[in-house]
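Structure first, then comments.
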Amino acid sequence: MRLVLRANDIVHLARQAHEESVILSAQSQFLRRGISEQVRLLLRLRKSMNKTYERGKREFKQVIKDLDTTNGRLEDTMNVLRGRTVESAFRPEGEEKKNLLDFVDEEQVHTIRNVLKDNISALQDTQTSFDGDLLRFDTDLRALNKAMSSAPSISSPSASSDHAPLSRLLASMIEHSHAMAELLTSLTKHFDLCVTAVRTTEGGAALARIKAAEVTQSQGGSEDVSISGVIAEQESHMPELDPISAEDRAQMLEVVMQDASEVDDVLQELNERLQSMEGDFGRLDGQARRSRGAHREALAGFRALEDVGSRMRSYIAAEAEFRARWGAEHASIRAAMAEMDGLRAFYESYAGSYDGLILEAERRRAAEDKVRAVWRKARESVDRLVEADRRERDAFRHEVGEFLPTDLWPGLDDAMCRWEVVPVRDSNHGRKGRGGGAGEVHDGTSSASGSGSNSTPALEKSVVQAAAMRRGRR
């Protein structure tokens, strides 16, 4: 009876474990599917953020490369200006030598470079901040994957490749329980038949109790005895059954003796079936424990997903902020680079203008030489006229001078008015009506040399030729 009750308890516990496994497994699979879908979305978001980060890195490298190129061109142009010494003929006498760069303000270049340094530093700070967000996102994803990978994957509570299906184990235990109940029923019938045989035998019941008492006392027992729990002490006062016929008695004893030989086999089968049920229940309970463990791990994964989700808005905001700040700083850098290009173009034009200045100085000097040549020829003609006039005057005085009184024309003996050409610097450049500023004619009593002072510097021929070659290359 005890074995059958234990079998019934096992079946009851197995049903509960199976129901719990079915519920927990369904919940676990639902959670795992949902978490897996969310993980795919998170990985897609992480991939998008990584593309943004990598694109920013590529653009940053390209910006630095373009910036180095632009700054290198500007520096080369400034080195050209720094290496071009201004001709001393253009400068006041005694002044130390200067180069072309000394006449421009370099502070603008330094200002642009400082602005670019600030922009680059801001870009690096933005990149570092976004990189930290990506690292934290990766840490969250690794924690989530770890939580999911540690959870045992149980596809179904009723099917497994490594363990017998729970439903099959439960069905097997129910089958064993039913079989044990049938075996108990057969044993009950056998003992009922034995009791009947004892009670139909004159003095059999008393003799049976005596034998049972002897066995009980030999085992140290002191309680009331019964025959296999069938003939109790209170039944001893009941009248015995009427004796049966010898033929019926013989048939009954034959059945009892035949069944008695099978009692041990039945008891052994009961124990074997109970042991089998205990083993099946152990496997079913182990599977149920695994289902509970999988459910706990799925819940842990869900909590990890909730933690990641609570920070997801900050990750998305970090990507948007990175794009906005990157675009603003990138535009500022491009504007500064354009300003550097404009400054370089100005410096190149400045260098070319200096070559033009050299050629202009040479042109002016040549023009002044032509003017001086014209005045020199004019002076020679005037000198010839003056000499001819002097001879004519001498001849006139020699011919009539002794006859004319001197006070008749007080200026008769005065010398001819002389003319000289002197250079004059026109303070109003380009003023019309002054003969181009080449010179003025004055009355004078002394003769001029005709050379005058030269306001245009005389440059070496090699300097002029070099400037002409540079202008030609442009």
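The sequence shown begins at 7 in the working numbering and counts up one residue at a time.
Even for Gly, the Cβ is constructed at its ideal location relative to N, Cα and C.
Nearest-angstrom beta carbon gap, residue j and residue i [assumed within contact, 8 Å]
i: residue 125; j: residue 342; result: 7 Å
i: residue 106; j: residue 121; result: The Cβ separation is near 25 Å, so there is no contact.
i: residue 2; j: residue 87; result: There is no way to answer for residue 2, as the model of the chain reaches only from 7 to 480.
i: residue 297; j: residue 31; result: 5 Å
i: residue 128; j: residue 310; result: Residue 128 to residue 310, Cβ: 35 Å. No contact.
i: residue 300; j: residue 34; result: 5 Å
i: residue 358; j: residue 477; result: 7 Å
i: residue 147; j: residue 52; result: 7 Å
i: residue 132; j: residue 317; result: Contact flag wrong, Cβ pair sits at about 20 Å.
i: residue 354; j: residue 83; result: 6 Å
i: residue 115; j: residue 349; result: 7 Å
i: residue 360; j: residue 97; result: The pair is not a contact, with the Cβ atoms about 13 Å apart (cut-off 8 Å).
For residue i: DSSP bridge partner residues
i: residue 105; result: 91
Residue i - DSSP class collapsed to helix/strand/coil
i: residue 396; result: helix
i: residue 136; result: helix
i: residue 331; result: helix
i: residue 466; result: coil
i: residue 78; result: helix
i: residue 412; result: coil
i: residue 306; result: helix
i: residue 421; result: coil
i: residue 110; result: coil
i: residue 407; result: coil
i: residue 99; result: coil
Residues near residue i by beta carbon distance below 8 Å, same chain, minus five either side
i: residue 465; result: 93, 95, 364, 367, 368 and 371
i: residue 376; result: none
i: residue 410; result: 418
i: residue 277; result: 9
i: residue 398; result: none
Sequence-distant residues of the same chain with beta carbon closer than 6 Å to residue i, five excluded per side
i: residue 20; result: 176, 179, 287 and 290
i: residue 304; result: 34, 37, 38 and 157
i: residue 335; result: 125, 128 and 129
i: residue 104; result: 92
i: residue 62; result: 332
The ligand GDP heavy atom lying under 7 Å from the CB of residue i
i: residue 418; result: In the structure shown, the ligand GDP is absent, as is every other ligand, since no ligand is present at all.
Own chain partners of residue i with C-beta closer than 7 Å, once the 5 adjacent residues on each side are dropped
i: residue 329; result: 58
i: residue 294; result: 23, 26 and 27
i: residue 308; result: 37 and 41
i: residue 346; result: 76, 77, 80 and 118
i: residue 474; result: 365
i: residue 469; result: 93 and 364
i: residue 65; result: 336
i: residue 482; result: Examination of residue 482 is not possible in this model, given that the chain is present from 7 through 480 alone.
i: residue 414; result: none
Cβ of residue i within 8 Å of any chain B Cβ
i: residue 410; result: Of the protein chains in the structure, only one exists, and it is not chain B.
Fill in: Any 3 or more C-beta pairs closer than 8 Å across the stretch 412-432 and the stretch 379-392
yes
Discussion item. Using 8 Å as the cut-off, can you tell me whether the stretch 138-153 makes contact with the stretch 320-335, which would need three or more C-beta pairs spanning the two stretches below that distance?
Written reply: yes
Discussion item. Does the stretch 60-75 come into contact with the stretch 328-345, if we say contact requires no fewer than three beta-carbon pairs (one atom in each stretch) closer than 8 Å?
Written reply: yes
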